[in-house]
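To convert, note that position 58 of the sequence shown is 333 in this note's numbering; the numbers rise steadily by one, no gaps.
We treat Cβ as the ideally placed atom computed from N, Cα and C, and that holds for glycine.
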Amino acid sequence: MNSALTKEQVEFAIAFHGHECPGLTIGLRAAELCLRELGHNNDTPLTAVVETDMCGVDAIQALTGCTVGKGNLIQRDYGKMAFTFYRRSDGKGLRALLKPSARPMRPEAGELQRKINEGQGSPEDRTRLAELRAEAMRTLMELPLEEVFEIQPPATPIPRGPSILESLVCAGCGEMIMESRTRRLEGRTLCIPCFEKVDQKR
Ligand SMILES: [Zn+2]
Ligand SMILES: [Zn+2]
């Protein structure tokens with residue numbers, strides 16, 4: 276196995292995510308790259324920007340210390356398998372973009388998945404799909420990181436850290452909202468759901 280992650284790290288990420296899958300494996304390798312090049316958030320503050328909403332994000336959260344809750348994992352769902360990491364102390368950063376050649380699963384897997392989703396998969400189809408997934412995960416773990424990802428400089432500057440903002444009261448529902456998430460409409464301050472309700476009627 277070429278991955279430098281320990282069995283414990285891999286198992287922790289799988290437990291955190293809830294299952295093993297090729298998507299999570301991509302995230303495992305991205306997390307590994309972050310740890311190798313920049314370290315862990317516990318040792319030096321990091322910020323991650325992920326461009327996907329897929330399984331892999333959970334591996335980043337489990338292994339790098341960048342989490343949605345801490346505000347140092349920012350999700351920009353562009354539907355790309357790309358993960359950017361920044362080290363805040365010296366501004367060093369990198370963007371890891373999954374190489375097309377490392378893309379797991381052959382067209383056959385997509386075909387099988389479709390059949391199974393439509394309720395038409397046979398037991399043989401399920402076995403075959405499980406084999407393909409296992410093979411994809413094995414390959415992803417064995418490849419050197421440089422063959423899994425195109426490793427580039429970050430495409431955008433480091434995002435601003437979470438700032439302390441005022442809480443305001445929505446004129447529609449009366450609930451508290453963070454200042455940066457308010458909308459102004461006809462002189463009133465509204466939360467996003469209330470704004471959208473009013474806006475649809477206009
Ligand atoms: Zn998954
Ligand atoms: Zn409201």
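What are the boundary residues of the beta strand (DSSP E) that includes residue i?
| i | result |
| --- | --- |
| valine 325 | 321–325 |
| leucine 348 | 348–350 |
| arginine 477 | No beta strand (DSSP E) holds arginine 477; DSSP gives it neither H nor E. |
| alanine 337 | That residue, alanine 337, is in no beta strand (DSSP E); its alpha helix (DSSP H) goes 331–339. |
| glutamine 427 | 424–427 |
| glycine 368 | 368–373 |
Tell me whether residue i, by its Cβ, gets closer than 7 Å to a heavy atom of ligand 2.
| i | result |
| --- | --- |
| glycine 447 | yes |
| proline 468 | yes |
| leucine 465 | yes |
| glutamate 454 | no |
Return the residue from the list the options that minimises the CA-CA distance to residue i.
| i | options | result |
| --- | --- | --- |
| arginine 435 | Cys296, Val324, Glu283 | Val324 |
| arginine 370 | Ala305, Glu471, Pro297 | Ala305 |
| methionine 219 | Ala446, Arg378, His292 | Since the first and last residues shown for the chain are 276 and 477, residue 219 lies out of range. |
| tyrosine 361 | Glu283, Leu308, Asn277 | Leu308 |
| proline 375 | Arg363, Glu383, Ile433, Phe424 | Phe424 |
State yes or no: is the C-beta of residue i nearer than 7 Å to some heavy atom of ligand 1?
| i | result |
| --- | --- |
| glycine 385 | no |
| glycine 298 | yes |
| histidine 315 | no |
How far does the alpha helix (DSSP H) with residue i in it reach, from first residue to last?
| i | result |
| --- | --- |
| valine 285 | 282–292 |
| isoleucine 391 | 382–392 |
Next item on the list: Would you be able to state if there are at least three C-beta pairs under 8 Å between the region 466–473 and the region 400–413?
Entry: no
Note to self: Quick check: the region 282–290 against the region 396–407, are at least 3 beta-carbon pairs closer than 8 Å?
What the structure shows: no
Next item on the list: Could you say if the region 307–320 and the region 440–454 meet the contact criterion of at least three C-beta pairs nearer than 8 Å?
Entry: no
Item checked: the region 324–344 / the region 382–390 touching (three or more Cβ pairs under 8 Å) -> no
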